[in-house]
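There are 2 protein chains.
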Amino acid sequence: MSTATVSRALSRPERVTEATRERVSEAVRVTGYTLNQSARSLRLQSARTILVALPDIGNPFFSTILDAIEREAARRGYGVLVANRFARGDTDPLRDYFLSNRADGLLLLDGSIDRAQLEALTRAPTSLPLIVACEAIADAPFHTVRTDNAYAAEQATRHLLRLGHSRIGHIKGPAGNVLTAEREAGFLAALCSAGAEIRAEWVLHGGFSMDDGARAARTMLDLQERPTAIFATNDEAAIGFISEIARSGLICPRDMSVIGFDDLGIAEHFLPPLTTMRQPREALGRLAAEALIDLIEGAPGKRVPRQFVLSSQLIVRGSTAPPRPR
Amino acid sequence: MSTATVSRALSRPERVTEATRERVSEAVRVTGYTLNQSARSLRLQSARTILVALPDIGNPFFSTILDAIEREAARRGYGVLVANRFARGDTDPLRDYFLSNRADGLLLLDGSIDRAQLEALTRAPTSLPLIVACEAIADAPFHTVRTDNAYAAEQATRHLLRLGHSRIGHIKGPAGNVLTAEREAGFLAALCSAGAEIRAEWVLHGGFSMDDGARAARTMLDLQERPTAIFATNDEAAIGFISEIARSGLICPRDMSVIGFDDLGIAEHFLPPLTTMRQPREALGRLAAEALIDLIEGAPGKRVPRQFVLSSQLIVRGSTAPPRPR
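Those protein sequences? They're chains A and B, same order as listed. In this text, residue positions in the first sequence follow the numbering used here: the first is 1, and each later residue adds one. In this text, residue positions in the second sequence follow the numbering used here: the first is 1001, and each later residue adds one.
This is the structure:
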């Protein structure tokens, strides 16, 4: 048999006869031939690998998205490389994966990287297939998969308004993050359209961790006049906040209602069970991986930026209730 | 300049003069030369990449270890590929990464893979550098990095005994997992040596998730005679258990003490804050990555199996207290 026939039998078995397939399989068994992916990557310019850039693998919000990404990638025969906390102003390590042909495309889950950095990454000689997931960069010339954060934040705040709260505070996310801005905007929009009071001191500096939520609680506890309900930028901040006010004897939801954002696994098992906006993390990860691999395998000419927007769902549990009569 | 000199200037810059380094750097700039990692991997038989096999990226216990692994690998210039939930009886996908030269070594965090599977993986033609982390396979001919689970479980149970409990139950981990067996053994050893009652119905089937803990709680609630304290196989099971008994009006620790295992981030923010055995996750991840890369870069002859054992620490918080007087 010619080299071309053997190669065809291995890479496109449907193109050869069954007899040829069997002879080649037998030879593979006898000689112990194995595929050298490095050689294959060099020839095909494909590593069958995607790179996922995350702000924090240790955070369960991202790790469950990564879980879904990995499953979808495995289904399509792709490996998953992870780059954690890469941003910090330096995207060179990311670029290196592509310059060295170790990855075929990038799935970006980090809201702290800015548009200029993204555009630099996608410029030649890299010009890599890219999916931006988890945040919206306005009018981005990239494919994005995200949830509508501003709208979901508005829904969360409206839930508190509907319960009868009029003194509502917010724990903000980390400074400079797109999600922080979008969720705060949704919060303010809901208060505005309801004609509710917006008080600067009730908009608390926070972050995405439980410790950040606890810190926001200590700031809030020092206020002369306190809100009766809080919309927290995510579940971790909500949990840290509830836990910290408990140390001062304030019970959620009796003394203060708190709604989170994400619906982490802990939310339904926390005491009290946490009311939150459920993010479709599994769908988000799967869709992002799917879109990226389609992009990698598709014709470069077809790369017209597309925006996928998934919606969130209000999950009402025990951490929100009507305000106590004053 | 000869090809050899250029190659040396790029790969071992300390071996050439500064003038040569500068001339080569300038040529790189002018020509836009980039390193092709596929070609380099093919030549060096090295992918500068390690593969981490996990049972569940979505579980914060593993994701924080992965975080530490990724940081150490990045520091040494290695990328990290993740393989999630691979085991399920099929290690072929793992083997493929090595047969195709996409990874240089394997770091295994999954306690559900058995010794025969491991030995098959490390046999030729794979014969890959391997570190088994997070569990002990008795007398394993592999490098292992782990915590002493049986001893830590004994310590956890002794804490409950010291508080005055004599009716102590256990929520077991998933069946067939090494960790499950070790932690149950430590639990039984502590009860035995204290001469405390061991009652089969107080050893509850559980698992590593919050839902598993909740299920164990429902089993326990149906018992005629209940324990006054529980050692849970991990923090997630402990949290699910505490949350579920609260629905039946049982308050932890007033009505039942619960100690967990791991010290996840949520443990100190849970209500009540969780008493637990802290696992050195960050050290474990870092040490495992370090050992694996040493193994990859070291001489094959020096691969005498080594066992690193890290110790756990009792963290006393609010979920354990003396039993109520009967």
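Built from N, CA and C at the ideal position, the CB exists for glycine as well. Here the structure is a predicted model, which means the values were calculated and not measured.
Along chain A, in chain order, which residues have C-beta atoms closer than 8 Å to that of residue i?
| i | result |
| --- | --- |
| residue 1246 of chain B | 271 |
| residue 1240 of chain B | 269 |
| residue 1093 of chain B | 74 |
Chain B partners of residue i, CB-CB under 7 Å?
| i | result |
| --- | --- |
| residue 82 of chain A | 1070, 1080, 1082 |
| residue 265 of chain A | 1210 |
| residue 66 of chain A | 1057 |
| residue 280 of chain A | Those do not exist, as residue 280 of chain A stays about 15 Å from chain B at its closest Cβ, beyond 7 Å. |
List, in order along the chain, the chain B residues whose C-beta lies closer than 8 Å to that of residue i?
| i | result |
| --- | --- |
| residue 249 of chain A | Chain B residues near residue 249 of chain A: none, gap ~13 Å exceeds 8 Å. |
| residue 284 of chain A | The premise fails here: residue 284 of chain A is roughly 13 Å from chain B at the closest Cβ pair, so nothing lies under 8 Å. |
| residue 319 of chain A | Those within 8 Å of residue 319 of chain A in chain B number zero; the least Cβ separation is about 11 Å. |
For residue i, I'd like the list of residues in its chain whose CB is within less than 6 Å of its CB, leaving aside the five on either flank, ordered along the chain.
| i | result |
| --- | --- |
| residue 1142 of chain B | 1130, 1132, 1305 |
| residue 212 of chain A | 206, 237 |
| residue 1319 of chain B | 1252, 1253, 1258, 1272, 1274, 1275 |
| residue 1189 of chain B | 1154 |
| residue 152 of chain A | 277, 312 |
| residue 1165 of chain B | 1228, 1229, 1323 |
| residue 1244 of chain B | 1214, 1217 |
| residue 1167 of chain B | 1227, 1228 |
| residue 1024 of chain B | 1006, 1009 |
Taking the beta carbon of residue i as the centre, do at least 16 other beta carbons fall within 10 Å, making it buried, or is it exposed?
| i | result |
| --- | --- |
| residue 307 of chain A | exposed |
| residue 205 of chain A | exposed |
| residue 200 of chain A | exposed |
| residue 1157 of chain B | buried |
| residue 1120 of chain B | exposed |
| residue 1042 of chain B | Residue placement at residue 1042 of chain B cannot be trusted, given a pLDDT of 49 that sits under 50; what the coordinates show is reported in the next sentence. Answer is buried; the Cβ neighbour count reaches 16. |
| residue 63 of chain A | buried |
| residue 109 of chain A | buried |
| residue 1049 of chain B | buried |
| residue 195 of chain A | exposed |
| residue 92 of chain A | exposed |
| residue 279 of chain A | buried |
| residue 1222 of chain B | exposed |
| residue 1209 of chain B | buried |
| residue 100 of chain A | buried |
| residue 1328 of chain B | Any property of residue 1328 of chain B remains undetermined from this structure, which presents chain B solely from 1001 to 1326. |
| residue 102 of chain A | buried |
| residue 1198 of chain B | exposed |
| residue 1027 of chain B | exposed |
| residue 1055 of chain B | buried |
Excluding sequence positions up to five away, which residues of its chain have a Cβ less than 8 Å from the Cβ of residue i?
| i | result |
| --- | --- |
| residue 1316 of chain B | 1159, 1275 |
| residue 1284 of chain B | 1065, 1068, 1133, 1134, 1145, 1146, 1147, 1310 |
| residue 8 of chain A | 15, 16 |
| residue 150 of chain A | 182, 183, 185, 186, 189 |
| residue 1020 of chain B | 1001, 1005, 1009 |
Since residue i meets chain A, which of its residues come closer than 9 Å, beta carbon to beta carbon?
| i | result |
| --- | --- |
| residue 1005 of chain B | Per Cβ cutoff of 9 Å: no residues; residue 1005 of chain B is ~22 Å from chain A at best. |
Run through chain A and tell me which residues come within less than 7 Å of residue i, C-beta to C-beta.
| i | result |
| --- | --- |
| residue 1379 of chain B | This structure leaves residue 1379 of chain B out entirely; chain B is present only between 1001 and 1326. |
| residue 1107 of chain B | What residue 1107 of chain B touches in chain A: nothing, since even the nearest Cβ is about 13 Å away. |
| residue 1253 of chain B | Result: empty, since nearest Cβ-Cβ is about 13 Å, beyond 7 Å. |
Kindly list the residues whose CB is nearer than 7 Å to the CB of residue i, restricted to its own chain and excluding five residues on each side of it in sequence; keep chain order.
| i | result |
| --- | --- |
| residue 1171 of chain B | 1204, 1206, 1213, 1216, 1230, 1232, 1233, 1237, 1241 |
| residue 296 of chain A | 104, 105, 129 |
| residue 1287 of chain B | 1145, 1308 |
| residue 1174 of chain B | 1180, 1207, 1208 |
| residue 1022 of chain B | none |
Just checking: is the beta-carbon of residue i within a distance shorter than 9 Å of some beta-carbon in chain D?
| i | result |
| --- | --- |
| residue 261 of chain A | Among the protein chains of the structure shown, namely A and B, there is no chain D. |
Along chain B, which residues have their Cβ under 9 Å away from the Cβ of residue i?
| i | result |
| --- | --- |
| residue 243 of chain A | 1268, 1269, 1270, 1271, 1273 |
| residue 257 of chain A | Simply none; closest approach about 16 Å. |
>> Whether or not the region 1287-1295 of chain B and the region 1249-1264 of chain B are in contact is what I'm after, with contact meaning three or more pairs of Cβ atoms, one per stretch, closer than 8 Å; do they touch?
In response: no
Worksheet item: Any chance the region 1068-1077 of chain B sits against the region 69-76 of chain A, with 3 or more Cβ pairs inside 8 Å?
Response: no
Practice prompt. Can you give me, in chain order, the residues of the region 158-178 of chain A that have a beta carbon less than 8 Å from any beta carbon in chain B?
Written response: none
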